[in-house]
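Notes follow once the structure below has been shown.
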């Protein structure tokens, strides 16, 4: 244990004196950017897919859309995130001759990926809303989409908020795979500090603590949000 | 006002309605009776295409709304509906429940007016629309004595209060007709009275009403015409005096002996 003090010293030297904290901050920023924007894209895509999936299926267009959505969900749930990331960055984009920074690619892939998961969460949420709510909306002459947006989805989101928080936490932790396409995230930042100081114990420990603090902070936020959304319940 | 021609409805292989013909005139109060499973609720739900009719037509204000190509939303705005389980929007306060559809419709109309306004009608701002809708909603709430409940959520209302709010929510659209689907069946007995009272008021004001109910007293007192549906067809129809006093078909006799 005697050399733990030495190790901490080495870490502090690289972290502060050699400017390692700058990379950590950029890494933190990228991690949050990828997770937050990815989640937002995911919620939008997930809600759209879930809506298509609960559409009545006796017309042709919903059937076709449903087929596309089924394929989409099967693809993004059926392959690992790393594979999707590599496919986008090294296959799809070069084929289309598009050049995007790796963080942007990561954001898009995370959005598409979580969209597939959130669609199933959201579908469950929509199905958990009393069908009478849809009838009530349609009976006063609101369109399907207006009823969906103003009545059904807000109630569905309230029901699935804990699961959605879970998805966000998963996304934060999954961001560590973006190093595969050369993006700088928390993991890469601490890995570099480790390489520079030839010492990995302390950097990885600090990294783990930062992840935990992040996740605890988000869980707290989700709880607060839940409480404020529960206003319309009888319990208060 | 509403003309139902040869209406049939099947769910999978079950024929629920087997050819219903009925004409509902403006200002008429019609009570629909029938044993459970007779198709009376399905009939009512077909009137505003909550259930799409399998065949036949429903002519409402001159338009066949059973035709899938018409924009049903526009016609439903003039055809209110009150449900057994109220179906108030749980995520909206009482007043928002009432204002939601009027604001939506008026905003849509203004958007269209912005493109073409042949009569030079005044174009209202969203703020104006909301203020007007709120004023009207408060008036309606005052009418049922619930103005102090404007900002609470439906979960904090009693069943009777919920149903009365649901009725004024339908009224807020100034409908030509209101359909009632067993409006008192889910209520505690002591709350049935307040809902029926409000329905009677509407009846006296000349609202066209189609009511599916088991409240025989209401049928006797308010109905201009009673329709008895059994096994998907209209088995008998007439004034309440005729149907209750001198029932003709054996099924109606049996039904009345059970419920009266």
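Protein chains in written order, with the numbering used here: chain A, 497 to 732; chain B, 1154 to 1413. Cβ atoms here follow ideal geometry from the backbone N, Cα and C, with glycine treated the same way.
Cβ of residue i within 8 Å of Cβ of residue j?
i	j	result
residue 1362 of chain B	residue 1412 of chain B	no
residue 1375 of chain B	residue 1194 of chain B	no
residue 1319 of chain B	residue 1201 of chain B	no
residue 1341 of chain B	residue 1236 of chain B	no
residue 526 of chain A	residue 681 of chain A	yes
residue 1303 of chain B	residue 1256 of chain B	no
residue 1391 of chain B	residue 1170 of chain B	no
residue 655 of chain A	residue 678 of chain A	no
residue 661 of chain A	residue 607 of chain A	no
residue 612 of chain A	residue 549 of chain A	no
residue 671 of chain A	residue 546 of chain A	no
residue 1211 of chain B	residue 1196 of chain B	no
residue 1166 of chain B	residue 647 of chain A	no
residue 1332 of chain B	residue 1293 of chain B	no
residue 1321 of chain B	residue 1296 of chain B	yes
residue 1203 of chain B	residue 635 of chain A	yes
residue 1190 of chain B	residue 1382 of chain B	no
residue 1199 of chain B	residue 1260 of chain B	no
residue 1280 of chain B	residue 1252 of chain B	no
residue 529 of chain A	residue 625 of chain A	no
Between which residues of its own chain and residue i is the CB-CB distance below 7 Å, once the five residues before and five after are set aside?
i	result
residue 1347 of chain B	1313 and 1317
residue 676 of chain A	578, 581 and 582
residue 1406 of chain B	1400
residue 510 of chain A	516, 689, 692 and 693
residue 571 of chain A	none
residue 1404 of chain B	1383 and 1388
residue 643 of chain A	630, 633 and 634
Where DSSP assigns a beta bridge to residue i, which residues make up the other side?
i	result
residue 1317 of chain B	Beta-bridge pairing links residue 1317 of chain B to no other residue.
residue 1208 of chain B	B/1161
residue 1220 of chain B	According to DSSP, which records beta bridges pairwise, residue 1220 of chain B is partnered with nothing at all.
residue 1378 of chain B	B/1183
residue 1176 of chain B	B/1156
residue 1389 of chain B	B/1381
Report the neighbours of residue i on chain B: residues whose CB is nearer than 7 Å to its CB, in chain order.
i	result
residue 642 of chain A	1257
residue 646 of chain A	1253
residue 628 of chain A	1236, 1238 and 1240
In its own chain, which residues sit with a C-beta less than 6 Å from the C-beta of residue i, not counting the 5 before and 5 after it?
i	result
residue 1155 of chain B	1177 and 1213
residue 732 of chain A	Residue placement at residue 732 of chain A cannot be trusted, given a pLDDT of 40 that sits under 50; what the coordinates show is reported in the next sentence. Within the same chain, residue 732 of chain A has no close Cβ partners at all.
residue 584 of chain A	601 and 605
residue 1378 of chain B	1183
residue 503 of chain A	695, 697 and 698
residue 1250 of chain B	1241, 1242 and 1322
residue 1344 of chain B	1312 and 1313
residue 1206 of chain B	1160, 1162, 1199 and 1219
Please list the partners that residue i has in chain A, where partner means a Cβ-to-Cβ separation under 7 Å.
i	result
residue 1322 of chain B	636
Starting from the Cα of residue i, find the closest Cα among the options and give me that residue.
i	options	result
residue 1225 of chain B	A/537, A/538, A/504 and A/633	A/633
residue 714 of chain A	A/678, A/657, A/726 and A/684	A/657
residue 508 of chain A	A/703, A/710 and A/699	A/699
residue 543 of chain A	A/615, A/535, A/717 and A/558	A/615
residue 520 of chain A	A/684, A/569, A/594 and A/618	A/684
residue 1394 of chain B	B/1404, B/1163, B/1380 and B/1388	B/1380
residue 1337 of chain B	B/1372, B/1211, B/1384 and B/1210	B/1372
residue 718 of chain A	A/568, A/665 and A/588	A/665
residue 708 of chain A	A/659, A/506, A/650 and A/524	A/524
residue 1396 of chain B	B/1157, B/1172, B/1175 and B/1185	B/1185
residue 1168 of chain B	B/1203, B/1158, B/1208 and B/1197	B/1208
residue 480 of chain A	A/561, A/595 and A/653	Chain A is shown from 497 up to 732; residue 480 of chain A falls before or after that span and cannot be answered.
residue 1398 of chain B	B/1409, B/1315 and B/1264	B/1409
residue 722 of chain A	A/668, A/630, A/686 and A/659	A/659
residue 630 of chain A	B/1264, B/1216, B/1238 and B/1310	B/1238
residue 1158 of chain B	B/1387, B/1353, B/1284 and B/1357	B/1387
residue 726 of chain A	A/588, A/651 and A/554	A/651
residue 1278 of chain B	B/1222, B/1228, B/1360 and B/1266	B/1266
residue 540 of chain A	A/555, A/645, A/589 and A/711	A/645
residue 500 of chain A	A/559, A/627, A/701 and A/575	A/701
Run down chain A in chain order and give the residues with a C-beta less than 9 Å from the C-beta of residue i.
i	result
residue 1314 of chain B	The contacting residues do not exist; residue 1314 of chain B stays about 14 Å from chain A at best.
residue 1326 of chain B	636 and 637
residue 1369 of chain B	Result: empty, since nearest Cβ-Cβ is about 26 Å, beyond 9 Å.
residue 1226 of chain B	634, 637, 638, 639, 640 and 642
Near residue i, which residues of its chain fall below 8 Å by C-beta distance, leaving aside the five closest residues on each side in sequence?
i	result
residue 663 of chain A	535, 538, 610, 613, 614 and 617
residue 1326 of chain B	1230, 1231, 1233, 1254, 1255 and 1258
residue 589 of chain A	595, 596 and 601
Identify the contact partners of residue i in chain A, using a Cβ-Cβ distance below 8 Å as the criterion.
i	result
residue 1229 of chain B	634, 635, 636 and 637
residue 1352 of chain B	Correct list: empty, because the minimum Cβ distance to chain A is about 17 Å.
residue 1203 of chain B	631, 634 and 635
Say the cut is 7 Å; is the CB of residue i nearer than that to a heavy atom of the ligand SAM?
i	result
residue 656 of chain A	As presented, the structure is devoid of all ligands, the ligand SAM included, so that no description of it is given.
If you measure from the beta carbon of residue i to each beta carbon in chain D, is any gap under 8 Å?
i	result
residue 651 of chain A	Any reference to chain D falls outside this structure, whose protein chains are A and B.
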